[in-house]
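J.:
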Amino acid sequence: MLSLAGLAAAIPFIRPLVWPKRLTELLSEKPTELPPGFQAEDPKDQVNGWPRVLVHQDTGARLIRIEGGTFTPGNVSDAAEDEPHDRKSASSIILPDFYMQETEVTNAMMETYFRARKLAPEDRPPRWRKVCQWLEKQVADIGPYPAVGIPHDMAEAFARWMGGRLPREAEWEYAARSRGERRRYVWRNELKPSRKLANIDSVDEYPTKFLPPKFFPSDQTEQGIYDLFGNVKEWCLEPYHDLTEQPTHRSQDAASSEPGRSGRHVIRGGSFLSWSDRVSTTGPRFPEASELTAKELAEDGSASDLGFRVVVEWPRRRRP
7 MLSLAGLAAA IPFIRPLVWP KRLTELLSEK PTELPPGFQA EDPKDQVNGW
57 PRVLVHQDTG ARLIRIEGGT FTPGNVSDAA EDEPHDRKSA SSIILPDFYM
107 QETEVTNAMM ETYFRARKLA PEDRPPRWRK VCQWLEKQVA DIGPYPAVGI
157 PHDMAEAFAR WMGGRLPREA EWEYAARSRG ERRRYVWRNE LKPSRKLANI
207 DSVDEYPTKF LPPKFFPSDQ TEQGIYDLFG NVKEWCLEPY HDLTEQPTHR
257 SQDAASSEPG RSGRHVIRGG SFLSWSDRVS TTGPRFPEAS ELTAKELAED
307 GSASDLGFRV VVEWPRRRRP
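Residues 7 to 326 (this note's numbering) are what the sequence shown spells out, left to right.
1. With which residues is residue 52 paired in a DSSP beta bridge?
2. Taking contact to mean 3 or more Cβ pairs, one atom from each stretch, closer than 8 angstroms, check whether the region 276-291 and the region 134-149 are in contact.
3. Distance, Cα to Cα, residue 138 vs residue 118?
4. Counting only the same chain and skipping the five closest in sequence on each side, list residues whose C-beta sits under 6 angstroms from that of residue 173.
5. Counting pairs of Cβ atoms below 8 angstroms between the region 227-245 and the region 118-127, do you hit three or more?
6. Determine, using beta carbons only, whether residue 111 and residue 153 come nearer to each other than 7 angstroms.
7. Flag residue 134 as yes when its Cβ comes closer than 6 angstroms to any non-hydrogen atom of the ligand SAH, and as no otherwise.
8. Mark residue 323 as exposed unless 16 or more other C-beta atoms lie within 10 angstroms of its C-beta, in which case mark it buried.
9. Tell me residue 317's beta-bridge partners as DSSP assigns them.
10. Out of 98, 99, 105, which one is the CA nearest neighbour of residue 54?
11. In this structure, does DSSP put residue 28 in helix, strand or coil?
12. On a Cα-Cα basis, can you pick out the residue from 46, 286, 108, 299 that is closest to residue 183?
13. Assuming residue 274 and residue 178 form a contact by the criterion Cβ under 8 angstroms, report the distance between their Cβ atoms to the nearest whole angstrom.
14. By Cβ distance, which residues of its chain are closer than 8 angstroms to residue 56, with the 5 residues on each side in sequence left out?
15. With distance defined between alpha-carbon atoms, name the residue in 312, 69, 44, 217 nearest to residue 144.
16. If we ignore side chains and look at the alpha-carbon of each, how far apart do residue 115 and residue 225 end up?
17. Who are the near neighbours of residue 240 in its chain, counting only those whose CB is closer than 8 angstroms to its CB and skipping five residues on each side?
18. My output table needs one value for residue 151: the three-state DSSP class, helix, strand or coil.
19. Can you tell me which of 156, 299, 76 puts its alpha carbon nearest to the alpha carbon of residue 187?
20. Just to confirm my understanding: we take residue 271, look at its own chain, exclude 5 residues before and 5 after, and list those with CB closer than 8 angstroms. What are they?
21. Can the beta-carbon of residue 113 be found less than 7 angstroms from the beta-carbon of residue 149?
22. Nearest to residue 48 by CA position, among 73, 60, 41, is which residue?
23. Measure the Cβ-Cβ separation of residue 107 and residue 69 and say whether it is below 7 angstroms.
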(Lines of atoms letter the chains of each structure in order from A and count residues from 1; the text may use other names and numbers.)
(Lines give C-alpha, C1' and ligand atoms only; values in the text may rest on other atoms or scores of the structure.)
Protein backbone atom coordinates (compact mmCIF):
# COMPACT_ATOMS: atom_id res chain seq x y z
CA MET A 1 0.00 0.00 0.00
CA LEU A 2 1.39 3.39 -1.00
CA SER A 3 2.09 5.99 1.66
CA LEU A 4 0.75 9.52 1.23
CA ALA A 5 4.21 10.70 0.15
CA GLY A 6 4.51 7.80 -2.32
CA LEU A 7 1.07 8.51 -3.74
CA ALA A 8 1.93 12.17 -4.24
CA ALA A 9 5.12 11.18 -6.07
CA ALA A 10 3.27 8.70 -8.26
CA ILE A 11 0.55 11.19 -9.21
CA PRO A 12 2.27 14.50 -10.09
CA PHE A 13 -0.88 16.60 -10.11
CA ILE A 14 -1.60 15.92 -6.43
CA ARG A 15 -0.50 18.99 -4.43
CA PRO A 16 1.73 18.44 -1.38
CA LEU A 17 -0.16 18.37 1.91
CA VAL A 18 0.06 21.77 3.63
CA TRP A 19 -0.80 22.05 7.33
CA PRO A 20 -2.90 25.13 8.12
CA LYS A 21 -1.04 27.55 10.41
CA ARG A 22 -3.67 27.32 13.17
CA LEU A 23 -3.55 23.51 13.17
CA THR A 24 0.23 23.61 13.43
CA GLU A 25 -0.05 25.89 16.48
CA LEU A 26 -2.58 23.61 18.15
CA LEU A 27 -0.44 20.52 17.59
CA SER A 28 2.71 22.18 18.88
CA GLU A 29 0.83 23.89 21.75
CA LYS A 30 3.11 26.86 21.22
CA PRO A 31 1.84 30.03 19.52
CA THR A 32 3.98 31.32 16.70
CA GLU A 33 3.29 34.96 17.54
CA LEU A 34 4.12 37.26 20.43
CA PRO A 35 1.51 38.66 22.82
CA PRO A 36 -0.65 41.33 21.13
CA GLY A 37 0.84 44.81 21.49
CA PHE A 38 4.40 43.60 22.10
CA GLN A 39 7.50 43.20 19.97
CA ALA A 40 10.83 41.50 20.61
CA GLU A 41 13.65 43.88 21.48
CA ASP A 42 16.14 41.46 19.91
CA PRO A 43 14.61 38.33 18.33
CA LYS A 44 17.97 36.54 18.53
CA ASP A 45 18.29 37.08 22.31
CA GLN A 46 16.15 34.24 23.67
CA VAL A 47 15.23 32.28 26.79
CA ASN A 48 13.79 28.81 26.16
CA GLY A 49 12.94 29.70 22.58
CA TRP A 50 11.24 33.02 23.37
CA PRO A 51 12.59 36.59 23.18
CA ARG A 52 14.33 37.51 26.43
CA VAL A 53 12.97 41.06 26.30
CA LEU A 54 9.55 42.18 25.09
CA VAL A 55 8.70 45.85 24.53
CA HIS A 56 5.15 47.13 24.89
CA GLN A 57 4.52 49.24 21.83
CA ASP A 58 2.20 51.85 23.40
CA THR A 59 4.12 52.53 26.61
CA GLY A 60 7.68 51.43 25.82
CA ALA A 61 7.69 49.20 28.91
CA ARG A 62 10.38 46.48 28.81
CA LEU A 63 9.47 43.05 30.15
CA ILE A 64 12.14 40.45 30.95
CA ARG A 65 11.49 36.72 30.58
CA ILE A 66 12.08 34.90 33.85
CA GLU A 67 12.83 31.20 33.43
CA GLY A 68 10.57 29.17 35.69
CA GLY A 69 11.54 26.54 38.22
CA THR A 70 10.86 25.10 41.67
CA PHE A 71 11.44 27.12 44.82
CA THR A 72 10.25 27.40 48.41
CA PRO A 73 8.86 30.84 49.29
CA GLY A 74 9.35 32.25 52.75
CA ASN A 75 12.14 32.29 55.32
CA VAL A 76 15.61 32.02 53.76
CA SER A 77 17.41 32.42 57.09
CA ASP A 78 18.80 29.42 58.98
CA ALA A 79 17.42 30.85 62.21
CA ALA A 80 13.61 30.86 62.19
CA GLU A 81 13.49 33.57 64.86
CA ASP A 82 15.21 36.00 62.49
CA GLU A 83 12.03 36.31 60.42
CA PRO A 84 8.49 37.29 61.47
CA HIS A 85 6.01 34.41 61.52
CA ASP A 86 4.21 35.89 58.53
CA ARG A 87 7.24 35.08 56.36
CA LYS A 88 7.68 31.43 57.38
CA SER A 89 8.69 28.84 54.82
CA ALA A 90 5.94 27.14 52.84
CA SER A 91 5.75 24.11 50.60
CA SER A 92 7.63 24.20 47.30
CA ILE A 93 6.02 25.80 44.25
CA ILE A 94 6.63 25.08 40.57
CA LEU A 95 6.46 28.17 38.38
CA PRO A 96 6.45 28.28 34.56
CA ASP A 97 8.35 30.94 32.62
CA PHE A 98 6.83 34.43 32.72
CA TYR A 99 7.63 37.97 31.66
CA MET A 100 8.03 40.64 34.36
CA GLN A 101 8.25 44.36 33.83
CA GLU A 102 11.81 45.62 34.27
CA THR A 103 10.72 48.57 36.44
CA GLU A 104 7.54 49.75 38.10
CA VAL A 105 4.89 51.36 35.93
CA THR A 106 5.80 55.04 35.48
CA ASN A 107 3.76 58.23 35.41
CA ALA A 108 4.30 58.47 31.65
CA MET A 109 2.88 54.96 31.19
CA MET A 110 -0.14 55.82 33.35
CA GLU A 111 -0.70 58.98 31.30
CA THR A 112 -0.71 56.88 28.12
CA TYR A 113 -3.27 54.56 29.70
CA PHE A 114 -5.51 57.41 30.88
CA ARG A 115 -5.55 58.94 27.42
CA ALA A 116 -6.25 55.61 25.75
CA ARG A 117 -9.18 55.08 28.12
CA LYS A 118 -10.29 58.72 27.68
CA LEU A 119 -10.21 59.24 31.44
CA ALA A 120 -10.59 62.92 32.31
CA PRO A 121 -8.05 64.43 34.77
CA GLU A 122 -10.68 64.82 37.48
CA ASP A 123 -11.53 61.10 37.20
CA ARG A 124 -7.97 59.93 37.78
CA PRO A 125 -6.89 58.71 41.25
CA PRO A 126 -6.77 61.69 43.67
CA ARG A 127 -3.64 60.55 45.48
CA TRP A 128 -1.81 59.98 42.17
CA ARG A 129 -2.75 63.52 41.08
CA LYS A 130 -1.63 64.93 44.42
CA VAL A 131 1.77 63.21 44.27
CA CYS A 132 2.25 64.31 40.65
CA GLN A 133 1.51 67.93 41.59
CA TRP A 134 4.04 67.75 44.42
CA LEU A 135 6.64 66.05 42.20
CA GLU A 136 6.26 68.68 39.45
CA LYS A 137 7.64 71.23 41.92
CA GLN A 138 10.70 69.06 42.58
CA VAL A 139 11.80 67.81 39.14
CA ALA A 140 11.62 68.92 35.51
CA ASP A 141 10.06 65.70 34.19
CA ILE A 142 7.83 63.48 36.33
CA GLY A 143 7.26 60.98 33.50
CA PRO A 144 10.07 58.52 34.38
CA TYR A 145 9.10 58.33 38.08
CA PRO A 146 7.09 55.38 39.44
CA ALA A 147 3.33 55.91 39.44
CA VAL A 148 2.08 55.77 43.03
CA GLY A 149 -1.31 56.37 44.60
CA ILE A 150 -2.97 53.87 42.24
CA PRO A 151 -5.66 51.65 43.84
CA HIS A 152 -5.45 47.89 43.33
CA ASP A 153 -8.43 47.70 40.97
CA MET A 154 -6.98 50.36 38.66
CA ALA A 155 -3.57 48.67 38.75
CA GLU A 156 -5.32 45.47 37.64
CA ALA A 157 -7.15 47.35 34.87
CA PHE A 158 -3.88 48.85 33.62
CA ALA A 159 -2.25 45.41 33.58
CA ARG A 160 -5.15 43.93 31.59
CA TRP A 161 -4.96 46.84 29.13
CA MET A 162 -1.29 46.02 28.59
CA GLY A 163 -2.17 42.37 28.02
CA GLY A 164 -0.98 41.07 31.39
CA ARG A 165 -1.81 41.07 35.08
CA LEU A 166 -0.31 41.93 38.44
CA PRO A 167 2.39 39.53 39.70
CA ARG A 168 1.33 36.65 41.86
CA GLU A 169 3.13 36.82 45.19
CA ALA A 170 5.16 33.69 44.41
CA GLU A 171 6.27 35.18 41.08
CA TRP A 172 7.28 38.42 42.78
CA GLU A 173 9.40 36.65 45.40
CA TYR A 174 10.87 34.20 42.88
CA ALA A 175 12.02 37.16 40.76
CA ALA A 176 13.33 39.14 43.76
CA ARG A 177 15.44 36.14 44.77
CA SER A 178 16.90 35.80 41.24
CA ARG A 179 14.85 32.73 40.35
CA GLY A 180 14.35 31.50 43.90
CA GLU A 181 17.92 31.54 45.23
CA ARG A 182 18.38 31.70 49.01
CA ARG A 183 18.71 35.47 49.06
CA ARG A 184 17.46 37.54 51.94
CA TYR A 185 18.23 40.65 49.89
CA VAL A 186 18.17 41.26 46.15
CA TRP A 187 21.99 41.60 46.19
CA ARG A 188 22.46 38.33 48.17
CA ASN A 189 22.96 38.11 51.95
CA GLU A 190 26.35 39.63 52.78
CA LEU A 191 25.55 43.36 52.96
CA LYS A 192 22.84 44.77 55.21
CA PRO A 193 20.35 47.10 53.49
CA SER A 194 21.39 50.74 53.34
CA ARG A 195 20.91 53.85 51.25
CA LYS A 196 24.06 52.88 49.38
CA LEU A 197 22.32 49.79 47.99
CA ALA A 198 18.66 50.73 47.51
CA ASN A 199 16.24 53.63 47.90
CA ILE A 200 15.15 52.75 51.41
CA ASP A 201 15.14 54.57 54.74
CA SER A 202 18.17 53.96 56.94
CA VAL A 203 19.34 55.37 60.24
CA ASP A 204 22.25 57.87 60.18
CA GLU A 205 22.26 58.25 56.40
CA TYR A 206 21.19 61.07 54.10
CA PRO A 207 17.43 61.77 53.88
CA THR A 208 15.22 59.69 51.66
CA LYS A 209 13.42 60.95 48.57
CA PHE A 210 11.46 59.71 45.61
CA LEU A 211 13.74 58.58 42.75
CA PRO A 212 13.36 57.42 39.14
CA PRO A 213 13.86 53.71 38.36
CA LYS A 214 17.32 52.12 38.06
CA PHE A 215 18.96 54.71 40.33
CA PHE A 216 20.63 51.99 42.42
CA PRO A 217 22.38 49.35 40.25
CA SER A 218 22.66 47.03 43.27
CA ASP A 219 18.86 46.83 43.56
CA GLN A 220 18.74 44.59 40.50
CA THR A 221 18.25 40.84 40.11
CA GLU A 222 20.47 38.54 38.07
CA GLN A 223 17.81 38.64 35.34
CA GLY A 224 17.75 42.45 35.20
CA ILE A 225 14.62 43.35 37.21
CA TYR A 226 15.10 46.64 39.10
CA ASP A 227 13.85 48.13 42.37
CA LEU A 228 12.19 45.10 43.92
CA PHE A 229 13.76 45.95 47.28
CA GLY A 230 13.35 49.74 47.48
CA ASN A 231 11.98 52.95 45.95
CA VAL A 232 8.25 52.05 46.10
CA LYS A 233 6.29 49.10 47.44
CA GLU A 234 4.32 47.03 44.95
CA TRP A 235 0.87 45.51 44.61
CA CYS A 236 0.56 41.76 44.08
CA LEU A 237 -2.44 39.98 42.60
CA GLU A 238 -3.67 37.99 45.60
CA PRO A 239 -5.80 39.09 48.53
CA TYR A 240 -3.78 39.23 51.74
CA HIS A 241 -3.94 36.32 54.19
CA ASP A 242 -2.00 35.97 57.43
CA LEU A 243 0.04 32.83 56.75
CA THR A 244 -0.08 31.90 60.44
CA GLU A 245 -3.86 31.49 60.10
CA GLN A 246 -4.10 29.84 56.68
CA PRO A 247 -3.06 26.39 55.39
CA THR A 248 0.12 26.49 53.33
CA HIS A 249 -0.98 23.88 50.76
CA ARG A 250 -3.00 26.01 48.34
CA SER A 251 -2.70 26.32 44.60
CA GLN A 252 -1.66 29.68 43.18
CA ASP A 253 -4.92 29.96 41.23
CA ALA A 254 -7.05 29.24 44.29
CA ALA A 255 -5.14 31.77 46.38
CA SER A 256 -5.79 34.42 43.74
CA SER A 257 -9.56 33.95 43.90
CA GLU A 258 -10.15 33.73 47.65
CA PRO A 259 -11.40 36.82 49.50
CA GLY A 260 -8.85 38.55 51.68
CA ARG A 261 -9.34 40.17 55.03
CA SER A 262 -11.13 43.54 54.67
CA GLY A 263 -10.44 43.59 50.93
CA ARG A 264 -6.69 43.93 51.44
CA HIS A 265 -4.16 42.65 48.92
CA VAL A 266 -0.57 41.51 49.29
CA ILE A 267 2.03 44.30 49.10
CA ARG A 268 5.68 43.37 48.65
CA GLY A 269 9.02 45.15 48.72
CA GLY A 270 10.16 48.28 50.53
CA SER A 271 10.01 51.97 49.72
CA PHE A 272 11.88 55.18 50.39
CA LEU A 273 9.80 55.36 53.61
CA SER A 274 10.52 51.79 54.82
CA TRP A 275 12.99 51.04 57.59
CA SER A 276 15.82 49.04 56.07
CA ASP A 277 15.85 46.42 58.84
CA ARG A 278 12.19 45.53 58.24
CA VAL A 279 12.44 44.55 54.57
CA SER A 280 13.72 41.42 52.85
CA THR A 281 12.93 39.43 49.71
CA THR A 282 10.46 37.35 51.74
CA GLY A 283 8.51 40.11 53.45
CA PRO A 284 6.73 41.90 54.87
CA ARG A 285 3.58 40.95 52.99
CA PHE A 286 1.49 43.87 54.20
CA PRO A 287 2.53 47.13 55.92
CA GLU A 288 2.32 47.43 59.68
CA ALA A 289 -0.52 49.51 61.09
CA SER A 290 1.93 52.18 62.26
CA GLU A 291 3.29 52.81 58.74
CA LEU A 292 2.10 55.70 56.60
CA THR A 293 1.30 53.19 53.84
CA ALA A 294 -1.27 51.39 55.99
CA LYS A 295 -2.85 54.65 57.16
CA GLU A 296 -3.23 55.93 53.59
CA LEU A 297 -4.59 52.56 52.41
CA ALA A 298 -7.31 52.79 55.04
CA GLU A 299 -8.33 56.19 53.62
CA ASP A 300 -8.78 55.41 49.92
CA GLY A 301 -7.09 52.10 49.04
CA SER A 302 -3.90 53.71 47.73
CA ALA A 303 -0.62 55.03 49.15
CA SER A 304 2.00 57.60 48.19
CA ASP A 305 4.81 55.02 48.32
CA LEU A 306 2.93 52.16 46.65
CA GLY A 307 3.22 51.33 42.94
CA PHE A 308 3.07 48.21 40.78
CA ARG A 309 4.52 46.38 37.80
CA VAL A 310 3.04 44.05 35.19
CA VAL A 311 3.56 40.35 34.47
CA VAL A 312 2.70 38.71 31.15
CA GLU A 313 2.19 34.95 31.09
CA TRP A 314 3.16 33.75 27.61
CA PRO A 315 2.38 31.29 26.23
CA ARG A 316 -0.73 31.26 28.38
CA ARG A 317 -1.26 28.13 30.44
CA ARG A 318 -4.41 26.12 29.90
CA ARG A 319 -6.45 26.18 33.11
CA PRO A 320 -8.02 22.88 34.21
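Even for Gly, the Cβ is constructed at its ideal location relative to N, Cα and C. Small disclaimer: the values here were computed from a predicted structure and weren't measured.
T.: From the atom records:
1. Per DSSP, 57.
2. Result no; under three Cβ-Cβ pairs closer than 8 angstroms.
3. Whole-angstrom Cα-Cα distance: 15 angstroms.
4. Around residue 173, the same chain offers 242, 317 as residues with beta carbons nearer than 6 angstroms, after the five sequence neighbours per side are excluded.
5. Short answer: they don't touch.
6. Their beta carbons are under 7 angstroms apart, which means residue 111 touches residue 153 by this criterion.
7. Because no ligand of any kind appears in the structure shown, any question about the ligand SAH cannot be addressed here.
8. So residue 323 counts as exposed.
9. DSSP output for residue 317 lists 106, 171 as bridge partner(s).
10. It is 105.
11. Any reading at residue 28 must be qualified, since the residue scores a pLDDT of 47, below 50, and its modelled position is unreliable; the value itself is stated next. If DSSP states are grouped into helix, strand and coil, residue 28 belongs with the helices.
12. That would be 286, whose Cα lies nearest to the Cα of residue 183.
13. 5 angstroms between Cβ atoms; contact.
14. Once the five neighbours on either side are set aside, the close Cβ partners of residue 56 are 71, 103, 320.
15. If we check each option's Cα against that of residue 144, 217 comes out closest.
16. Roughly 22 angstroms separates the two Cα atoms.
17. 110, 173, 178, 234, 273, 274, 275, 312, 313, 314, 315, listed in sequence order.
18. Assignment of residue 151 by DSSP, reduced to helix, strand and coil, places it in the coil class.
19. If we check each option's Cα against that of residue 187, 76 comes out closest.
20. Excluding residues up to 5 positions away in sequence, 158, 241, 242, 243, 244, 245, 246 lie with their Cβ nearer than 8 angstroms to the Cβ of residue 271 in the same chain.
21. A contact, by the Cβ cut-off of 7 angstroms.
22. Among 73, 60, 41, the Cα nearest to that of residue 48 belongs to 60.
23. Their beta carbons are under 7 angstroms apart, which means residue 107 touches residue 69 by this criterion.
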